[in-house]
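Reading the sequence shown from the start, the letters are residues 98 to 923 in the numbering used here. The beta-carbon is built from N, C-alpha and C at its ideal position, and this holds for glycine as well. What follows is a short report on a single structure.
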Amino acid sequence: MAKLNSLRSLCLVVALLAIGSAGAQPPDFDLISKPVHAPNWKAGFAAMQSRGYRPLFNGKDLTGWRNPYPHGEANVVDGEIHLTGDKKFFLVTETKYSDFRLSVEIHLPEGPANSGVMFRCHVDQDATKKVYGYQAECDGSDRRWSGGLYDEARRRWIWPSTAGRSTGQFLEHAEESKQYFSQPRVRDALNRNGWNRYVVTCVKDLIRIEVNGVETVRFRDATDASGYIGIQHHGEKGQTYRFRNLFIKELPAVPGERHAELTEQAPVAIKRINDQVTQLDFGKVAFGNIVMPVPEGRGLAKVHFGEKLKDGRIDQDPPGTVRYGMTPIRLGQQRGNWIVPAPVDSRNIEQAGLVYANPPAVLTPPTWRSVMPFRWIEIEGVDPEFPFELIRRRAAFSATWNDDASAFECSDETLNRIWDLCKYSIKATTFAGVYVDGDRERIPYEADAYLNQLSHYTTDDDVTMAARTFDWLMENGTWPSEWAPHMVFMAYAEWMYSGDSDWLKQRYESLKTKTLLHRSGADGLVRSGESDQNRHDIVDWPKNERDGFVFTEINTVVNAFHIEALEQMAEMAGAIGKDADAAAFEARATHAKTSFHQTLFDEAAGIYRDGVGTDHHSIHANFFPLVFGLIPDKNVAGVADWLAEADMRCSPYAAQYFMDALFHHNQAQAALDLILADGDRSWKHMLDSGTTIAWEAWDLKYKPNQDWNHAWGAAPANLLPRHVLGAQPGTAGWNTATIRPCPGDLSFARGKVPTSRGAIQIQWTNEDWFDLSLSLPQGMAAVVDLPAPKDSVGVFADDTPVPATKHGDRWVVADEVSGSVRFVVK
């Protein structure tokens, strides 16, 4: 057997080489792997405004700018700033800025050229070199250090650094920094003969520079905390340097100031624990703090906040990242009510932390005072006659949340309670104004946000938070390989929900950096280097939820995400008139799919391997290709049947995809059985634990540092409406819907699914016949796909046969329907 496995692995490697891993990329590779900036400045101007940026240049005149030099000329031409001169000079803003994200588009002239963007810079009117400080380099030479960090008229090159042009401190990383800039993706980030978008982010002492979506610098330097913004002409006579769409967003941004609000809630139970302590229960966990009358007396009392009880008391030493905190309060000396803020966890407010990969935490409005997730409080040291019933929790939720937007009920009461748990989980985690990963970090992560987005769409009717979170993540991306393609998924889901092609046009080009194309070979498959295999390729999280996945250079899961991102990009490109892009993306996806199946499918086992060079078959290597539609038709049933026999050998995150794959491929009962399973790896287990917000992991023993307020653990909030009720968008903007109920052994279900056109009402019974009543909002049509009970002969409306075609164990109604209809399959 060992010899057979070795031979099989060798054959795989030979087959891979035959597919074409060597050789040049196709001519259209650059077209779909790098952003192409529009020739018209107005499109970019509108796009930046739509993302909350403020223009530094109005496109008409130089209001707000000055030239501190006696030489050099700046003119406005067709929405651009043109700099000309025969000596080096800078045009600078009249206003200083401290923490910000700055975006500037630059077009270098042909021939010898060098420019850059000054930031936090200074002006000494009496000096020869009047402008000095930080500069993001725009290098038109063959050296290709565009995006480097240069200290103009002071310390010179910081990153990269080089002997003779850097101070001693920075020479310590000279070799490392030069190697970094020799990487093809960094070296070739600049479009030498076209427009380039530079993004500079400064937060405290942390400086980040990006060129066309590629990070070139992440460096700490505390020399300057504020200064002017500037643009450079390098002094080449006859050369014109062009700049446009100069925008700034001052930081920190606090989304909750406009998009979340506090709601006062009375306790549902009050219990006197002893002569010193009174416990208040608010029924469910929420992010917030409390307001209470000022207690009489002298000295101090304590307010304890907790997510968890132990032996009837707030657990003051909870496991993992389950929350506990205490705030002291002063007795007497004031009258009226006061806000008692929750204790602050420094990670929740960190904007430039020492962890390399971590973006800034999402802050809550300072006017709220600090908040944390809690269900119980205990007041210690307050007179027992105090009016505890007047204490209110100030809970933070989306300002537009509508509890009545959605509904779900079915014949299984446990499933109904799981729906309630997961729907409330989505509501409770809207507190920050964008989707965050829970309270441990309060950072948006791409995969977390996508799952949150899917569930927000099916539970609420004002879901602008999804697009807002997308924009946040495009500026504050995280590290896992598969999280980048999730940005494509988020954009696609938003477009399918809203149908807003203008929104999509304004963001489409930036998505080209999120498909992992830069890591792919000529065979279309993504490669994973050592650091990718050891850290970036995530497969599932935490690590022990990977079903024994074996990491290799060519990884089935990473490539499944890559190919799905290419296919979604092709569809979006076609929708906004980018026909050449659409054809190139589709061709690349088709090529990659062929390589994917030839290379990674185990014909003998009938399922997919984890990667090249291993014969291990994890469930992840199979449900991701299945849900993304990458499997040839002849192999689909075998993979689906194999997965239907599997246990929940994945995390709540990956379970979203696992359950989707089962529901999509006629394994609804297997999916429902896993959701409702006994043991400690199901949503039933979360429910039985007493939690009121979904967990990050199935149990603390699987992730000891897990938090108890994680929206990615709430997948049934979208799985039940999308699959059990069966409502999904068929075309962008819900112009058409697909109604495809998957009942399993449930005898009835009914509910309300919000869409951008209004709510869909669905009710069905599943007994001897399958009976569906459907009400669609005005302007929406639907394709109806119904389960076929045993021995059923067709679909009927008012006992009249309806044209329908049977596909396997489903009946598909021939004509689209609108309004209110009832179908019976019998």
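Pick from the options that is closest to residue i, judged by C-alpha positions
i: ARG251; options: THR852, PRO438, GLU606, ASP221; result: ASP221
i: THR612; options: ARG778, ASP517, VAL388, LYS131; result: LYS131
i: ARG284; options: VAL308, ASP599, LEU548; result: VAL308
i: LEU740; options: LEU883, PRO722, PRO124, GLU354; result: PRO722
i: GLY949; options: SER200, ILE203, LYS193; result: Residue 949 lies beyond the residue range present for the chain, which begins at 98 and ends at 923; the question has no answer from this structure.
i: ASN172; options: PHE197, GLY674, ILE328; result: ILE328
i: LYS781; options: PRO390, ASP509, THR313; result: ASP509
i: GLU793; options: TYR421, SER748, ALA544, GLU742; result: SER748
i: TYR277; options: SER243, GLY830, GLY787; result: SER243
i: GLN630; options: SER522, ARG148, GLU579; result: GLU579
i: GLU191; options: ASP895, ILE836, THR828, PHE216; result: PHE216
i: THR897; options: LYS923, LYS887, SER915, GLY876; result: LYS923
i: ARG537; options: GLU486, ARG685, PHE384, GLN603; result: PHE384
i: GLU234; options: THR264, ARG305, ILE673; result: ARG305
i: ASP239; options: GLU207, HIS659, GLN448, THR264; result: GLU207
i: ILE474; options: ARG410, TYR521, PRO840; result: ARG410
i: ALA765; options: LEU727, GLY841, GLY429, GLN825; result: GLY841
i: ILE178; options: GLU347, LEU303, LEU153; result: LEU153
i: LEU359; options: PRO484, ASP744, PHE528; result: PHE528
i: ALA834; options: GLY596, LEU614, SER617, THR337; result: GLY596
i: LEU622; options: LYS640, LYS675, GLU477, ILE660; result: ILE660
i: HIS356; options: LEU843, GLY787, THR497; result: THR497
i: PHE340; options: LEU159, GLU486, GLU354, ASP744; result: LEU159
Distance CB(residue i)-CB(residue j) smaller than 8 angstroms
i: ILE367; j: ALA398; result: no
i: VAL437; j: VAL400; result: yes
i: PHE920; j: LEU873; result: no
i: PRO577; j: ILE651; result: no
i: SER503; j: VAL850; result: yes
i: ARG466; j: GLU361; result: no
i: MET584; j: MET571; result: yes
i: SER200; j: VAL351; result: no
i: THR313; j: GLY245; result: yes
i: ALA271; j: ALA260; result: yes
i: ASN806; j: ALA590; result: no
i: HIS168; j: LYS184; result: yes
i: ASP378; j: PRO364; result: yes
i: THR418; j: ASN802; result: yes
i: GLY823; j: VAL880; result: no
i: LEU548; j: TRP795; result: no
Residues bridged to residue i [DSSP beta-bridge criterion]
i: TRP473; result: ASP378, GLY403
i: ALA680; result: Paired residues: none, contrary to the question.
i: HIS219; result: TYR229
i: LYS185; result: In DSSP, LYS185 forms no bridge with anything.
i: PRO898; result: PHE893
i: PHE96; result: Because the chain is modelled from 98 through 923, residue 96 falls outside the range shown and cannot be assessed.
i: ALA765; result: DSSP, once it has assigned bridges, lists no residue as partnering ALA765.
Contacting residues, own chain, Cβ-Cβ under 6 angstroms from residue i (five flanking each side not counted)
i: VAL647; result: ASP707, THR711, HIS713
i: ASN445; result: ALA458, ARG539
i: MET756; result: ALA768, LEU816
i: ALA119; result: Interpretation of ALA119 is limited by its pLDDT of 40, a score under 50 that renders its predicted location unreliable; the figure taken from the coordinates is listed afterwards. Within the same chain, ALA119 has no close Cβ partners at all.
i: PRO900; result: ALA911
i: GLU683; result: ALA667
i: VAL382; result: GLU404, PRO470, ARG472, THR789, ILE790
i: ARG854; result: TRP831, PRO874, GLY876, MET877
i: HIS904; result: none
i: PHE760; result: ALA768, HIS820, CYS839
Test: residue i CB closer than 8 angstroms to a CB of chain C
i: CYS839; result: Given the protein chain composition of this structure (a single chain), no chain C is represented.
Same chain, Cβ closer than 7 angstroms to residue i, five either side skipped, listed in chain order
i: PHE720; result: LEU740, TYR754, PHE755, ALA758
i: ARG907; result: ASP882, LEU883, PRO884, ALA885
i: VAL531; result: PRO352, VAL459, PRO541, MET562, ARG565, THR566, TRP569
i: LEU101; result: Because the pLDDT at LEU101 is just 29, under 50, the model does not fix this residue reliably, and the value given afterwards should be weighed accordingly. Closer than 7 angstroms at Cβ, skipping near neighbours: no residue.
i: CYS299; result: ASP196, PHE197, PHE216, ARG217
i: LEU663; result: THR612, PHE682, ARG685, ALA686, ALA689
i: ALA811; result: CYS519, SER522, ILE523, SER552, ALA791
i: PHE693; result: LEU622, ASN656, ILE660, LEU727
Near the ligand MN: residue i beta-carbon under 7 angstroms from a heavy atom
i: ASN137; result: This structure lacks the ligand MN, and indeed carries no ligand of any kind.
Cut-off 8 angstroms between Cβ atoms - residues of its own chain near residue i, not counting five sequence neighbours on either side
i: PHE845; result: CYS507, SER508, GLN860, TRP861, THR862, ASN863
- Unbroken beta strand (DSSP E) runs of length 3 or more, entirely within the segment 690 to 725: which are they? none
- Give, in chain order, every unbroken run of the alpha helix (DSSP H) that is at least 4 residues long and sits entirely within the segment 250 to 331. Listed in chain order, the complete alpha helix (DSSP H) runs (minimum 4 residues) inside the segment 250 to 331 are 265 to 268, 271 to 279, 281 to 284.
- Task: Go through the segment 588 to 647 residue by residue and report every complete run of the alpha helix (DSSP H) that reaches 4 residues or more, in order.
- Result: 598 to 605
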